[in-house]
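Trainee: In our numbering, the protein residues as written are 685 to 873.
Heads up, the beta-carbon is just placed ideally off N, CA and C, and yes, glycines get one too.
Below is one structure. I have some questions about it.
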C-alpha cells in the first residue's frame, strides 16, 4: 500500500488503519532494531523496542508530513534502537561457566573475534566521520540492505544522486582506511 492509501485507511478507521501501517512497516522496523541490538539483546528486547516505536508513531501519526512516513519511521526506529542498544550495553550479566556447563577450549577464537570486533568499530567510526548524508547512505546500503530508490525515499534524494554520493563516499572511506594503520596491514575489512 502507498502512504496515501494508509493515511486514508487511518482516517476511515484508526484501528484498522494502524493495523495496516503496522503490517506494512513491521519488517522494516524490526530489521533496523535487530541489526542494532543483536550483539547485546534478545528477540524479546527487539520486540519490546518495536512495540515502543509503533506506540510513539501512532501517538504522533498526524504530525508526520505527507510523503515522509517511511523516513520518519526509519529515523524513529534508528533512534529508539540506539537508545535500546545503549541501555542493554550498560546491563552486565554475570553467568557462572559451571552453571552453564560451558568450557573454554584451546581452539576458542576469542582473539580473532575481538580483533574483528575492533575492526568493525573502527570502520564504523570512519564511516561516521564522513558526515551526513554520506554516512547514512553507506549504512542504509550495506548494513540495512536498502537499494538506491529506498535510500532516496528515506533521505528525499534522487536515486541517481544517491548512487553518485555512495560512490564518492566509498572513495573517501577507502582513503581514510588506507591512512589508518589498523587497516593498512593488508587485512580485509
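Helix, strand or coil for residue 866, going by three-state DSSP, please let me know.
Mentor: Here residue 866 sits in coil by DSSP.
Trainee: Buried or exposed for residue 773, please, with buried defined as at least 16 other CB atoms from any protein chain shown within 10 angstroms of its CB.
Mentor: With fewer than 16 other Cβ atoms within 10 Å, it is exposed.
Trainee: Around the C-beta of residue 798, are 16 or more other C-beta atoms found within 10 angstroms, so that it is buried, or is it exposed?
Mentor: Exposed is the call here.
Trainee: Kindly indicate which three-state DSSP category residue 829 falls into: helix, strand or coil?
Mentor: In this structure, residue 829 counts as coil in the three-state DSSP scheme.
Trainee: With DSSP collapsed to three states, give me the class of residue 711.
Mentor: Helix.
Trainee: Helix, strand or coil, according to DSSP, for residue 815 in the structure here?
Mentor: Of the three classes helix, strand and coil, the one that applies to residue 815 here is coil, per DSSP.
Trainee: Buried or exposed, going by whether 16 or more other CB atoms sit within 10 Å of the CB of residue 730?
Mentor: Buried is the call here.
Trainee: Just curious, the alpha helix (DSSP H) that residue 767 is in, first and last residue?
Mentor: Where residue 767 is concerned, the enclosing alpha helix (DSSP H) stretches over 753–774.
Trainee: Just the C-alpha distance for residue 702 and residue 745, rounded to the nearest angstrom, thanks.
Mentor: Between residue 702 and residue 745, the C-alpha separation is close to 9 Å.
Trainee: Check whether the Cβ atoms of residue 824 and residue 811 sit closer than 7 Å, and answer yes or no.
Mentor: The answer is no: Cβ separation not under 7 Å.
Trainee: For the alpha helix (DSSP H) containing residue 691, list its first residue and its last residue.
Mentor: Run containing residue 691: 687–696, per the alpha helix (DSSP H) assignment.
Trainee: Just how far apart, CA to CA, sit residue 690 and residue 726?
Mentor: Spanning the two alpha carbons is a distance of roughly 31 Å.
Trainee: Let me check understanding here. Comparing Cα to Cα, which of 698, 765 and 694 lies closest to residue 713?
Mentor: Closest option to residue 713, Cα to Cα, is 765.
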